[in-house]
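Participant:
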Amino acid sequence: MNKEWWRNAIIYQIYPRSYKDTDGDGIGDIPGIIEKLDYIKGLGVDCIWLSPVYASPNFDNGYDISDYKAIHPDFGTMEDFDRLVSEAKARDIKIIMDLVINHTSDEHEWFKKALAGDKKYRDYYYFREKRNNWGSFFGGRTWEKVPGEDMYYLHLFSKKQPDLNWKNPDVYNEICDIMRFWLDKGIAGFRCDVINVIYKNSLENGKRRLVLTGLEHYLSTDGCHEILKRLQKDVLSKYDAFTVGETVMVDPDAANLLMGEDRKELNMVFGFEHMECDQRGVKWFKRRYSPERLIAALDKWQTGCEWTANYLENHDQPRSVSRFGDAENLRKESAKMLCVLNLALRGTPYIYQGEEIGMTNGDFDRMSEIEDIESKNVAKILKKFLVPRGAIKKMIKKTTRDNARTPMQWDHSAGAGFTDGMPWLKINGNHEWINVEDDEKNENGVIAFYKDMIALRKQSDALQFGDYSRLEAKKGIYAFVRKAEKETLTVLINMNGYSEKMPEITGRVLISNYDRENLEEMKGLMKPYEALILK
Ligand code: TEU
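Quick note on the numbering used here: the sequence shown kicks off at 5 and runs consecutively.
Next comes the structure, spelled out in structure tokens:
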């Protein structure tokens, strides 16, 4: 295995809309990110993944791009972006951008021309007279009628996000050109949005499934592998650029085909199986979270893949403390435990903004406070099926992507230090006691723990590159060994919300979320959400 920079990098995801607003419009912006670069550097971050900052009508908050080479005015200007890259570089921080190429916005020039009847651009998308039965990722159907014509276009996501036709060589060339444009500006690579669904083999009807009928016609197709190889050869390799793919519905075998070192496609992928451990079929139908199921999914990927992209949060997922910990009574302990989990597994760790202070799910009271297009679509569908209002609200509140998108909590002031204006999404009331300023003052704060854990990881060969093997332990206790040539560390995590017997292990405590000096004081028991690393 080569030790490329991205293997031992700590990657921090920024959702720009919610990070830091400097002009009082209630929306985070690029100057805000620049302001916070020293903070980010201070955590020990090596690379920022920037969620979309491109021009967009924002129906899916930038994942619907109307101009790939322009910065959304909400976020600032191209000069601001260039300054961000150079200021980051001055601090030795790399930047990767979101590459959303399965679809464009319906307000993209290409689509507008296509709608106006321009043949060339019609072929950039999928226009058909007959619809198939495919289901959308956001619920409902995937074909939208073209006004005034007996014609429909395909959209796997919202109707504001028409799918690009990757069989068309012009589309390929356009995207190559866009990638070069940003790489020439000095970015280090891309996070590739839903990259394994871009190439549709056929538009035949799919086998009926509870969710995502049609999947077999576009999931990780040979055409997709082919495109990824070509992008690597024609563009990415020329810049030595890094890619992490967001890959839906893959298991480790499928993931390996997208990222194996010999495959020359992607460097790593985000899997979803561990994020699906608390759901039945679809994420809206939650089942009781069980640590064993989460551990099983993580272990499956750790053993099934040479390398993984590790994450417990992102802009699409509820907050991890609320989901896998106890946000009420043991918030800091759980946040620190999840930090150990995320950073001690083999692979590259991704930290989502706010995770480093243990931010919790949004405290939404009313459906009208929800902004997310997916949640709104799903609520509409549930209503059609006569699901009672209360039940809909409960489902949405638990699972909405807005849980992760509430503004970053910088301090306890009214605007949370995020904005002086009206925030675009409700600020969590708990910013009064969960915020960067207060946490940083506390030597037992979550941030301090993150810094320690990142520092520990950086000087440990075992944590950065070592092998992984799981140890036998009680239910809900995740015990594993990371072993490098000259170093062996044991990671012990009680993911239960209750005390549990600890496995028989000896060693010196390197880090502990309960401030343990040694193992003897534990008397064989691990406290709820207790995590340690031993040498
Ligand atoms: O997400 C793709 C995706 O399939 C899911 O994460 C999705 O958000 C949802 O949870 C399915 O139920 C990516 C982006 O991360 C997301 O923000 C975009 O909305 C989506 O692609 C479309 O570009």
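No residue lacks a Cβ here, since even glycine has one placed at the ideal position from N, Cα and C. Values in this document were obtained by computation on a predicted structure and should not be read as measured data.
Just curious, the alpha helix (DSSP H) that residue 260 is in, first and last residue?
Facilitator: If you number the sequence shown from 1, residue 260 lands on position 256. Unbroken alpha helix (DSSP H) run through residue 260: 256-263.
Participant: For my contact list, residue 535 and residue 475 are in at a C-beta cut-off of 8 Å; report their separation, rounded to the angstrom.
Facilitator: In the sequence shown, the residue the question calls residue 535 occupies position 531. In the sequence shown, the residue the question calls residue 475 occupies position 471. Contact flag wrong, Cβ pair sits at about 14 Å.
Participant: With C-beta atoms as the reference, is residue 379 less than 8 Å away from residue 405?
Facilitator: Locating residue 379 in the sequence shown gives position 375, counting from the first residue. Locating residue 405 in the sequence shown gives position 401, counting from the first residue. Contact flag set, yes.
Participant: Pull up the distance between the alpha-carbon of residue 29 and that of residue 114, whole angstroms please.
Facilitator: If you number the sequence shown from 1, residue 29 lands on position 25. If you number the sequence shown from 1, residue 114 lands on position 110. If I take the Cα positions, the gap works out to 30 Å.
Participant: Are the stretch 101-112 and the stretch 191-200 in contact at 8 Å, needing three or more beta carbon pairs?
Facilitator: Yes, they touch.
Participant: In angstroms, rounded to a whole number, what distance separates the CA positions of residue 425 and residue 275?
Facilitator: Looking up residue 425 in the sequence shown gives position 421. Looking up residue 275 in the sequence shown gives position 271. Looking at the two C-alpha atoms, the distance is approximately 37 Å.
Participant: Looking only at C-alpha atoms, which of 250, 95 and 136 sits nearest to residue 4?
Facilitator: The structure shown does not extend to residue 4, since the chain spans only 5 to 539, so no value can be given for it.
Participant: Does DSSP classify residue 357 as helix, strand or coil?
Facilitator: Your numbering for residue 357 matches position 353 in the sequence shown. Residue state, collapsed to three classes: coil.
Participant: In angstroms with no decimal places, state the Cα-to-Cα distance between residue 367 and residue 205.
Facilitator: As a working mapping, residue 367 is identified with position 363 in the sequence shown. As a working mapping, residue 205 is identified with position 201 in the sequence shown. For residue 367 and residue 205, the distance between alpha carbons rounds to 43 Å.
Participant: If you follow the beta strand (DSSP E) that residue 273 is in, where does it begin and where does it stop?
Facilitator: Taking the sequence shown and counting its residues from 1, one reaches residue 273 at position 269. From DSSP, the beta strand (DSSP E) with residue 273 extends over 272-274.
Participant: Which residues does DSSP list as the beta-bridge partners of residue 614?
Facilitator: Outside the modelled stretch of the chain, which goes from 5 to 539, sits residue 614, for which no answer is possible.
Participant: Write down the C-beta distance between residue 95 and residue 45 rounded to the nearest angstrom, noting that I regard them as a contact closer than 8 Å.
Facilitator: Walking along the sequence shown from the start, residue 95 turns up at place 91. Walking along the sequence shown from the start, residue 45 turns up at place 41. Yes, residue 95 and residue 45 are in contact; Cβ-Cβ is about 5 Å, under 8 Å.
Participant: Taking only three categories from DSSP, how would you classify residue 159?
Facilitator: If you number the sequence shown from 1, residue 159 lands on position 155. If DSSP states are grouped into helix, strand and coil, residue 159 belongs with coil.
Participant: Within 10 Å of its beta-carbon, does residue 82 have 16 or more other beta-carbons around it, so buried, or fewer, so exposed?
Facilitator: Taking the first residue of the sequence shown as 1, we reach residue 82 at position 78. Exposed is the call here.
Participant: Ignore the nearest five residues each way along the sequence and tell me which others in residue 371's own chain have a CB closer than 8 Å to its CB.
Facilitator: In the sequence shown, counting from the first residue as 1, residue 371 sits at position 367. Result list for residue 371: 383, 396, 397 and 400, in chain order.
Participant: What are the start and end residues of the alpha helix (DSSP H) that includes residue 179?
Facilitator: Your numbering for residue 179 matches position 175 in the sequence shown. Start and end: 173-188.
Participant: Starting from the Cα of residue 21, find the closest Cα among 72, 343, 69 and 76 and give me that residue.
Facilitator: Start at 1 with the first residue of the sequence shown, and residue 21 comes out as number 17. The residue with the shortest Cα to Cα distance from residue 21 is 76.
Participant: For residue 352, which residues from the same chain have a beta carbon less than 7 Å from its beta carbon, with the 5 sequence-adjacent residues on both sides left out?
Facilitator: As a working note, residue 352 is residue 348 in the sequence shown. So the list reads 10, 11, 13, 15, 272, 313 and 314, once near-sequence residues are dropped.
Participant: Whole angstroms is fine: what's the gap from residue 304's alpha carbon to residue 256's?
Facilitator: Taking the sequence shown and counting its residues from 1, the one referred to as residue 304 is at position 300. Taking the sequence shown and counting its residues from 1, the one referred to as residue 256 is at position 252. Looking at the two C-alpha atoms, the distance is approximately 8 Å.
Participant: At a cut-off of 7 Å, would you count residue 115 as near the ligand TEU, judging by its Cβ distance to the nearest heavy atom?
Facilitator: What you label residue 115 is simply residue 111 of the sequence shown in a count that begins at 1. Residue 115 Cβ: outside cutoff for every heavy atom of the ligand TEU.
Participant: Starting from residue 145, trace the alpha helix (DSSP H) both ways and give me its first and last residue.
Facilitator: Locating residue 145 in the sequence shown gives position 141, counting from the first residue. Here residue 145 belongs to no alpha helix (DSSP H), and DSSP marks it neither H nor E.
Participant: Please classify residue 538 as buried or exposed, where buried requires at least 16 other C-beta atoms within 10 Å of its C-beta.
Facilitator: By 1-based counting over the sequence shown, the position of residue 538 is 534. Buried: at least 16 other Cβ atoms inside 10 Å.
Participant: Do residue 67 and the ligand TEU come close, with the Cβ less than 7 Å from some heavy atom?
Facilitator: Residue numbering aside, residue 67 sits at position 63 when the sequence shown is read from its first letter. Residue 67 Cβ: within cutoff of the ligand TEU.
Participant: Could you tell me the alpha carbon to alpha carbon distance between residue 143 and residue 391, rounded to whole angstroms?
Facilitator: Within the sequence shown, residue 143 is the residue found at index 139, counting from 1. Within the sequence shown, residue 391 is the residue found at index 387, counting from 1. Their backbone Cα atoms lie some 15 Å apart in a straight line.
Participant: Just curious, the beta strand (DSSP E) that residue 248 is in, first and last residue?
Facilitator: As a first step, residue 248 is located in the sequence shown; it is residue number 244 there, counting from the start. It spans 246-250 - the beta strand (DSSP E) in which residue 248 sits, taken as one unbroken run.
Participant: Using a 10 Å radius around the Cβ and a threshold of 16 neighbouring Cβ atoms, would you call residue 284 buried or exposed?
Facilitator: What you label residue 284 is simply residue 280 of the sequence shown in a count that begins at 1. Burial call: exposed.
Participant: Could you check what DSSP says for residue 461 in three-state terms: helix, strand or coil?
Facilitator: Against the sequence shown, residue 461 aligns to sequence position 457. Residue 461: helix per DSSP, three-state reduction.
Participant: Express the C-alpha separation of residue 68 and residue 478 in angstroms, rounding to a whole number.
Facilitator: Here residue 478 refers to the residue found at position 474 of the sequence shown. Here residue 68 refers to the residue found at position 64 of the sequence shown. Looking at the two C-alpha atoms, the distance is approximately 46 Å.
Participant: What three-state label does DSSP hand residue 241 in the structure shown?
Facilitator: Here residue 241 corresponds to residue number 237 of the sequence shown, with the count starting at 1. Helix.
Participant: Nearest to residue 250 by alpha carbon, out of 201, 231 and 49?
Facilitator: Taking the first residue of the sequence shown as position 1, residue 250 is located at position 246. Ranking the options by Cα distance to residue 250, first place goes to 201.
Participant: Give me the Cα-Cα distance between residue 159 and residue 325, rounded to the nearest whole angstrom.
Facilitator: On the sequence shown, residue 159 is found 155 positions in, with the first residue counted as 1. On the sequence shown, residue 325 is found 321 positions in, with the first residue counted as 1. So the two alpha carbons sit approximately 34 Å from each other.
Participant: To which residues of the same chain is residue 362 closer than 7 Å at the C-beta, ignoring the five residues directly before and after it?
Facilitator: Position 358 of the sequence shown, counted from the start, is the residue given in the question as residue 362. Once the five neighbours on either side are set aside, the close Cβ partners of residue 362 are 325, 335, 336, 339, 438 and 450.
Participant: For residue 73, name the three-state secondary structure that DSSP assigns.
Facilitator: By 1-based counting over the sequence shown, the position of residue 73 is 69. Reduced to three states, the DSSP call for residue 73 is strand.
Participant: Find out if the Cβ-Cβ distance for the pair residue 162, residue 381 is shorter than 8 Å.
Facilitator: Within the sequence shown, numbered from 1, the residue matching residue 162 stands at position 158. Within the sequence shown, numbered from 1, the residue matching residue 381 stands at position 377. The answer is yes: Cβ separation under 8 Å.
Participant: Can you tell me where the beta strand (DSSP E) with residue 85 in it begins and where it stops?
Facilitator: Taking the first residue of the sequence shown as 1, we reach residue 85 at position 81. Where residue 85 is concerned, there is no enclosing beta strand (DSSP E), although the alpha helix (DSSP H) it sits in stretches over 82-94.
Participant: Counting only beta-carbon atoms, is residue 154 nearer than 8 Å to chain B?
Facilitator: Although the question refers to chain B, the structure presented lacks it and comprises just one protein chain.
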